[in-house]
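A.B. asks: Below: one structure in structure tokens.
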Amino acid sequence: MSDIVLSAKSAKLMMVCEAEGFATIDDLFVLLAADNLCPAICMTEGCDRIERLESDQEEGYCEGCGGNTMVSVLVLAGLI
Ligand SMILES: [Zn+2]
318 MSDIVLSAKS AKLMMVCEAE GFATIDDLFV LLAADNLCPA ICMTEGCDRI
368 ERLESDQEEG YCEGCGGNTM VSVLVLAGLI
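Structure below.
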């Protein structure tokens, strides 16, 4: 995996944290403990749609751009 992909991932991760009010990555562990839907973000550049999906979602459908590009924040953070 290249550095470019990694930085894009962390940028998206930061976006979700800001949008959902998570101050640190540690706050994401609360989502792991709770058996609920968790925030997912579209990985398409410039789309940035955020929805609640399954916590292990890696290719969810994005209603913003129509791609299977929604990735759960827990997957993004490498927690799953
Ligand atoms: Zn999208």
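When we follow this note's numbering, the leftmost residue of the sequence shown carries the number 318, and every step to the right adds one.
Glycine included, every Cβ here is placed at the ideal spot set by N, Cα and C.
Quick caveat: nothing in here was measured; it's all calculated off a predicted structure.
What did DSSP end up calling Cys382 once you bin it into helix, strand or coil?
C.D. replies: Taking the first residue of the sequence shown as 1, we reach residue 382 at position 65. In the structure shown, Cys382 sits in coil (DSSP, three-state: anything other than H, G, I, E or B).
A.B. asks: To the nearest angstrom, report how far apart Glu368 and Lys329 are at their CA atoms.
C.D. replies: In the sequence shown, counting from the first residue as 1, residue 368 sits at position 51. In the sequence shown, counting from the first residue as 1, residue 329 sits at position 12. If I take the Cα positions, the gap works out to 13 Å.
A.B. asks: Under the three-state reduction of DSSP, which class applies to Leu348: helix, strand or coil?
C.D. replies: Walking along the sequence shown from the start, residue 348 turns up at place 31. Here Leu348 sits in helix by DSSP.
A.B. asks: Between Leu396, Gly395 and Val390, which has its C-alpha nearest Phe339's C-alpha?
C.D. replies: Within the sequence shown, numbered from 1, the residue matching residue 339 stands at position 22. Checked all of Leu396, Gly395 and Val390; the closest Cα to Phe339 is Val390.
A.B. asks: Round the Cβ separation of Asp365 and Met332 to the nearest angstrom and send it over; I've been treating them as touching at under 8 Å.
C.D. replies: As a first step, residue 365 must be located in the sequence shown, where it is residue number 48. As a first step, residue 332 must be located in the sequence shown, where it is residue number 15. Correct: roughly 6 Å between the Cβ atoms.
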